[in-house]
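Heads up: the structure comes next, in structure tokens.
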Amino acid sequence: MDTESDVALDILITNVVCVFRTRCHLNLRKIALEGVNVIYKREVGKVLMKLRKPKITATIWSSGKIICTGATSEEEARIGARRLARCLQNLGFKVKFTEYKVVNVLAVCTMPFEIRLPEFTKKNRPHASYEPELHPAVCYRIKTMRTTLQLFSTGSITVTGPDVKSVASAVEQVYPFVFESRKEIL
20 MDTESDVALD
30 ILITNVVCVF
40 RTRCHLNLRK
50 IALEGVNVIY
60 KREVGKVLMK
70 LRKPKITATI
80 WSSGKIICTG
90 ATSEEEARIG
100 ARRLARCLQN
110 LGFKVKFTEY
120 KVVNVLAVCT
130 MPFEIRLPEF
140 TKKNRPHASY
150 EPELHPAVCY
160 RIKTMRTTLQ
170 LFSTGSITVT
180 GPDVKSVASA
190 VEQVYPFVFE
200 SRKEIL
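Each residue of the sequence shown is one higher than the one before, starting from 20 at the first, in the working numbering.
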């Protein structure tokens with residue numbers, strides 16, 4: 020039978036969201052007309068620009084604030100953000116890459132067993148909430164790390180946190196509690 024120590028968990032990062040500023044006003048119409056892989060959303064006041072390598076989508080506002088989504092690592096997010104800034108420089112804007120920050124990381128982890136959600140919720144009441152009529156997962160929040168985990172009965176866990184390090188430690192922290200509430204295989 021498995022014990023807590025001999026299970027290696029694979030955490031798959033599915034999305035890294037980062038933000039940066041250009042410190043200059045951006046003409047969205049010019050970006051839409053001259054840029055490549057661009058969608059202009061005039062009614063909302065933003066431009067969506069996609070890069071193929073790394074595969075990211077950037078939301079660009081005229082104020083110079085840019086949000087990049089779709090990267091699968093913090094390094095890939097930074098490279099994509101810098102490539103995007105370079106694309107804007109090539110369009111003639113005086114872009115300065117500043118205030119870069121990773122703001123959100125989404126990851127998925129699969130346990131090697133199924134989880135008894137009602138039992139898990141009862142044992143971890145202040146942090147865990149379970150409303151099966153509304154959502155099929157237990158919501159487990161770790162306020163000190165600013166992470167949220169969605170635990171499904173299949174053993175799949177979706178983790179949202181401010182960076183990759185806190186996502187990994189959140190899974191490590193919740194594993195012993197999940198292990199206690201695992202379904203026994205007959």
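Glycine is no exception: its CB is placed at the ideal position from the N, C-alpha and C atoms.
Under 9 Å between C-beta atoms of Ile-75 and Glu-53: no
Span separating the alpha-carbon of Gly-89 from that of Val-35: 6 Å
Residues that DSSP places opposite Asn-123 in a beta bridge: Val-36
Coarse secondary structure for Cys-43, derived from DSSP in three states: coil
With 16 other Cβ atoms within 10 Å as the buried cut-off, status of Thr-19: With the chain represented from 20 up to 205, any question about residue 19 goes unanswered, as that position is not in the structure.
Best match in Glu-203, Phe-116, Gly-64 and Leu-70 for proximity to Val-57 [C-alpha to C-alpha]: Leu-70
Where Asn-109 falls, given that 16 or more other Cβ within 10 Å makes a residue buried: exposed
Inter-residue Cα distance where the pair is Thr-167 and Ser-175: 14 Å
Rounded distance between the beta-carbons of Val-121 and Ile-32, thought under 8 Å: Going by Cβ atoms, the distance from Ile-32 to Val-121 rounds to 11 Å, so no, they are not a contact pair.
Secondary structure of Glu-138, DSSP reduced to three states: helix
Cα-Cα separation, Met-20 to Lys-84: Only weak support exists for where Met-20 lies, its pLDDT of 40 falling under 50; the value from the coordinates is given anyway. If I take the Cα positions, the gap works out to 52 Å.
Unbroken beta strand (DSSP E) run spanning Ile-176, endpoints: 175 to 180
The stretch 130 to 142 touching the stretch 100 to 115, judged by at least three CB pairs closer than 8 Å: no
Three-state secondary structure (DSSP) of Ala-104: helix
Beta-bridge partners of Phe-70, as assigned by DSSP: It is worth fixing the name first, because residue 70 is Leu in this sequence and not Phe. Bridge partners of Leu-70: Ile-75.
Host alpha helix (DSSP H) of Ser-185 (start-end): 183 to 199
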